[in-house]
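These protein sequence lines map, in sequence, to chains A and B.
With the numbering used here, letter number 68 in the first sequence gets 68, and the count goes up by one each step, no holes.
So the mapping is simple: the numbering used here equals the position in the second sequence, first residue as 1, plus 1000.
By construction, the Cβ of each residue, glycine as well, lies at the ideal position given by its N, Cα and C atoms.
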Amino acid sequence: MKKTSTSSPISRRTMLRSSGALAATSAVLAACSSTKPSVARIGESPTTVKLEDLAVTDVVLLRTAMSMETMAASMLSDSGVTALANKDTSSVIAAFAADHTSHLEDLQVLISARNGEAYTDTNAKLMQAYGQTALDLVASGKLPEDTLALTLAVETLIAATYQYFVSLAVQPALRADLVRLGARSSRRAAVTAQLINGGTGGFAPANDKDGVALVATLPGAFGSLSAVQVQLGPVNDTGSRTTVLMDTPSLNSLIY
Amino acid sequence: MDTHQVESPDMSMTTRRRLIASLLTGGAIVAAAPLFAGRASAAEAGGPPQRDAADNDALNASLERESRMVATYRKAIGGLTENDLIAMTLILDHHVAYAQALTGYLAVDVKTPSSAPLASPGGSLASIARQLAALEDQTATIHTDNLATIKGIDAAMLLASIVTVEARHSAALELVAGASPIAAVGN
């Protein structure tokens, strides 16, 4: 009789049987797996708590804006700053601090219209990240010019924050409201820059005779979202000063 | 004992091919599922679009304003010298950049803007600065009002970055015009 089977050692039946056995074994092993950490350790092992999923809503942006405005008002009215500012600039800085406080009312209205809850504290994470450091440096440096440098940095930061929030806001009308608030900080930043380096000669970026960059009223054509850099505090042994980087709020510093 | 294969070779080849094709198709669908799921969830989330053709009219209006600001500054810098000329030319360059950015964004949807100056600033530097500060304010307001109607995120971000600096233009020009720091802020 004619033998018609193939000579291959792997028949279709064998392949299906093997595949089925493999799938069944995989299922059993997967079911037996543990979610506990597999690495052995001595002592108490910390449990991992999964972060809850939080959405960046318009209300979150507004609450965060309130925390930033409160932080700005707090920094500009800090006793270490007001004590150092000279008589020409102290009234201006005080007025700027009052402006930030007044913006809270505008933000509260916007939050209430969206059934949100106002936030009245400073942004604790950013205060810890760079706000308090900046204030400590101003206090330890005891340099009157640091008060304006800090003011310029804070106003630039707040303007950048509102500009950044435009990219996160959902409602077009809110974007316009955010830009209006940011423009006010932008104006204060320009005025502060002029108080540091006044006249039309201070408009464009330039260096002094030693090659050190001067403060420019109009540092760029478009609003920047990069970290605001400011040199504060005493001159150290190498002749330089501490540079503080101030970033706009991000996902871990939003007020949810 | 003899072994018989009942099925014909042709039939077997077809079935195996179908099996492999089915497996490949299934695998491709499984691999692509997360991509489709991501798109579906983004659409369901109802987030703002990156770009919206309905924004073009507002953006063309902003472009027209910037084009006219460029023409205005070109007239204004005529009699200026040294630092004053450098400062006003810097702001002129900013407005040129805004017009170029908006033109680039609109691309084929751009409408040829007017290049008629909005004013003929003249006189002393303070006088010129005062007139230009007012125009900067109006320009920022136009962009901000447009922003309230624009749906696309990219266009909104562009206008926001322009308004942020035009506010600086206005305040700096107010100071040059002789305003006090508090008044220049707009309080």
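Any chain A beta carbon closer than 9 Å to residue i
{"i": "S1170/B", "result": "yes"}
{"i": "I1077/B", "result": "no"}
{"i": "P1048/B", "result": "yes"}
{"i": "R1130/B", "result": "no"}
{"i": "L1090/B", "result": "yes"}
{"i": "L1057/B", "result": "Going by the sequence as given, residue 1057/B is Asp instead of Leu. D1057/B does not count as touching chain A."}
{"i": "A1061/B", "result": "no"}
{"i": "L1175/B", "result": "yes"}
{"i": "P1181/B", "result": "yes"}
{"i": "L958/B", "result": "With chain B represented from 1001 up to 1187, any question about residue 958/B goes unanswered, as that position is not in the structure."}
{"i": "R1039/B", "result": "Because the pLDDT at R1039/B is just 42, under 50, the model does not fix this residue reliably, and the value given afterwards should be weighed accordingly. Answer no: the Cβ-Cβ gap between R1039/B and chain A never drops below 9 Å."}
{"i": "D1109/B", "result": "no"}
{"i": "A1097/B", "result": "yes"}
is_contact[residue i, chain B] using C-beta, thresh 9 Å
{"i": "Y162/A", "result": "yes"}
{"i": "T84/A", "result": "The question names Thr, but residue 84/A in the sequence shown is Leu. No, its Cβ sits nowhere closer than 9 Å to a Cβ of chain B."}
{"i": "V166/A", "result": "yes"}
{"i": "S342/A", "result": "Residue 342/A falls outside the range modelled here, since chain A spans only 1 to 256, and no answer is possible."}
{"i": "T217/A", "result": "yes"}
{"i": "Q229/A", "result": "no"}
{"i": "D260/A", "result": "Any question about residue 260/A goes unanswered here, given that chain A covers just 1 to 256."}
{"i": "T200/A", "result": "yes"}
{"i": "D99/A", "result": "yes"}
{"i": "R241/A", "result": "no"}
{"i": "L22/A", "result": "no"}
{"i": "R187/A", "result": "yes"}
{"i": "L76/A", "result": "no"}
{"i": "A95/A", "result": "yes"}
{"i": "L251/A", "result": "no"}
{"i": "G223/A", "result": "yes"}
Buried versus exposed, by CB contacts within 10 Å (16 or more), residue i
{"i": "Q1050/B", "result": "exposed"}
{"i": "G182/A", "result": "buried"}
{"i": "R175/A", "result": "buried"}
{"i": "E1044/B", "result": "In this predicted model, E1044/B has a pLDDT of only 41, less than 50, meaning its place in the structure is not dependable enough to derive any value."}
{"i": "D99/A", "result": "buried"}
{"i": "D237/A", "result": "exposed"}
{"i": "I1142/B", "result": "buried"}
{"i": "V59/A", "result": "buried"}
{"i": "N1146/B", "result": "buried"}
{"i": "A189/A", "result": "buried"}
{"i": "V228/A", "result": "buried"}
{"i": "G80/A", "result": "buried"}
{"i": "R1065/B", "result": "buried"}
{"i": "D78/A", "result": "buried"}
{"i": "G202/A", "result": "buried"}
{"i": "M15/A", "result": "exposed"}
{"i": "Q171/A", "result": "exposed"}
{"i": "S18/A", "result": "exposed"}
{"i": "R184/A", "result": "buried"}
{"i": "T48/A", "result": "exposed"}
{"i": "T89/A", "result": "buried"}
{"i": "L1063/B", "result": "buried"}
{"i": "R187/A", "result": "buried"}
{"i": "D177/A", "result": "buried"}
{"i": "E105/A", "result": "exposed"}
{"i": "D1109/B", "result": "exposed"}
{"i": "E52/A", "result": "exposed"}
Expected contact under 8 Å - CB spacing of residue i and residue j to nearest Å
{"i": "V191/A", "j": "A1107/B", "result": "The Cβ separation is near 37 Å, so there is no contact."}
{"i": "L254/A", "j": "T82/A", "result": "Rounded, the Cβ-Cβ distance is 30 Å, inconsistent with contact."}
{"i": "V1070/B", "j": "L1090/B", "result": "Contact flag wrong, Cβ pair sits at about 13 Å."}
{"i": "A118/A", "j": "Q108/A", "result": "5 Å"}
{"i": "A1054/B", "j": "K1151/B", "result": "6 Å"}
{"i": "P960/B", "j": "R1068/B", "result": "Because chain B is modelled from 1001 through 1187, residue 960/B falls outside the range shown and cannot be assessed."}
{"i": "T1144/B", "j": "V166/A", "result": "Their Cβ separation, rounded to whole angstroms, is 11 Å, which puts T1144/B and V166/A out of contact at 8 Å."}
{"i": "V154/A", "j": "G233/A", "result": "About 16 Å; that fails the 8 Å criterion."}
{"i": "L214/A", "j": "P144/A", "result": "Between P144/A and L214/A the Cβ distance is about 18 Å, and since that is not below 8 Å, they are no contact."}
{"i": "T133/A", "j": "V230/A", "result": "About 11 Å; that fails the 8 Å criterion."}
{"i": "V1176/B", "j": "A1140/B", "result": "Contact flag wrong, Cβ pair sits at about 17 Å."}
{"i": "G239/A", "j": "S1161/B", "result": "36 Å between Cβ atoms; not a contact."}
{"i": "T200/A", "j": "A1087/B", "result": "4 Å"}
Proximal chain E residues relative to residue i, where beta-carbon distance stays under 8 Å
{"i": "G1186/B", "result": "Looking for chain E here will not work: the only protein chains present are A and B."}
Anything in the region 172–185 of chain A with a Cβ closer than 9 Å to a Cβ of chain B? List those residues in chain order, please.
-> The region 172–185 of chain A vs chain B, Cβ under 9 Å: P172, A173, L174, R175, A176, D177, L178, V179, R180, G182, A183, R184, S185.
Say whether the region 1121–1135 of chain B touches the region 1166–1173 of chain B, bearing in mind that this needs 3 or more beta-carbon pairs closer than 8 Å, one atom from each stretch.
-> yes
With contact counted as at least three CB pairs below 8 Å, one residue from each stretch, are the region 141–159 of chain A and the region 65–74 of chain A in contact?
-> yes
Do the region 43–54 of chain A and the region 118–138 of chain A touch if we need at least three Cβ pairs shorter than 8 Å?
-> Look at the beta carbons and you see the region 43–54 of chain A not touching the region 118–138 of chain A: under three pairs across the two are nearer than 8 Å.
Contact between the region 1153–1169 of chain B and the region 1076–1087 of chain B (3+ Cβ pairs under 8 Å) = no
Determine which residues of the region 55–73 of chain A have a Cβ less than 8 Å from any Cβ of chain B, and write them out in chain order.
-> none
Residues in the region 1149–1165 of chain B having any Cβ partner in chain A nearer than 7 Å | T1149, I1150, K1151, I1153, A1156, M1157, A1160, S1161, I1162, V1163, T1164, V1165
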